[in-house]
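S.K.: Heads up: the sequence shown begins at 3 in the working numbering, then just goes up one per residue.
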Amino acid sequence: MVSSRHLRQLLVHEIKWIPSSGRGTVWTYTVTNQNRTQGFDTGPYVLALVELDEGVRMFTNIVECDPKDVSIGMAVEVTFQRATDQISVPLFKPA
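1. What runs of the alpha helix (DSSP H), each 4 residues or longer, lie entirely inside the region 50-96?
2. Less than 8 Å between the C-beta atoms of V28 and S73, yes or no?
3. Taking the alpha-carbon positions, what's the G75 to A97 distance?
4. Should G45 be labelled buried (16 or more other beta-carbon atoms within 10 Å of its own) or exposed?
5. Which of helix, strand or coil does DSSP assign to R25?
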């Protein structure tokens, strides 16, 4: 097993920015019907693990789609929701 200290040393030279197509596939998901965090919309909303075409997986929300229509293997594409003047959140919608 590699310690986190050694892992950081191994990876520091391997990290680089690469362009992404913004397309991916729903790997798994869950539908949440209520939110206990103040300031966020109430459900239902879809929390999904999306695998990008480039192989990276990320947790995100599926938007612009009825939660009943979301399925594992569904093709999706990125859309951005502005959170602040400096921050936009990547979300995904059906492709």
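Glycine is no exception: its CB is placed at the ideal position from the N, C-alpha and C atoms.
M.R.: Walking through what the data contain:
1. Qualifying alpha helix (DSSP H) stretches: none in this window.
2. The residue labelled residue 28 in the question sits at position 26 within the sequence shown. The residue labelled residue 73 in the question sits at position 71 within the sequence shown. Yes, these two residues count as a Cβ contact at 8 Å.
3. Along the sequence shown, read from residue 1 onward, the residue named residue 75 stands at position 73. Along the sequence shown, read from residue 1 onward, the residue named residue 97 stands at position 95. Roughly 12 Å separates the two Cα atoms.
4. Position 43 of the sequence shown, counted from the start, is the residue given in the question as residue 45. It is exposed - the Cβ of G45 has fewer than 16 other Cβ atoms within 10 Å.
5. On the sequence shown, residue 25 is found 23 positions in, with the first residue counted as 1. Judged by DSSP in its simplified three-state form, R25 adopts strand.
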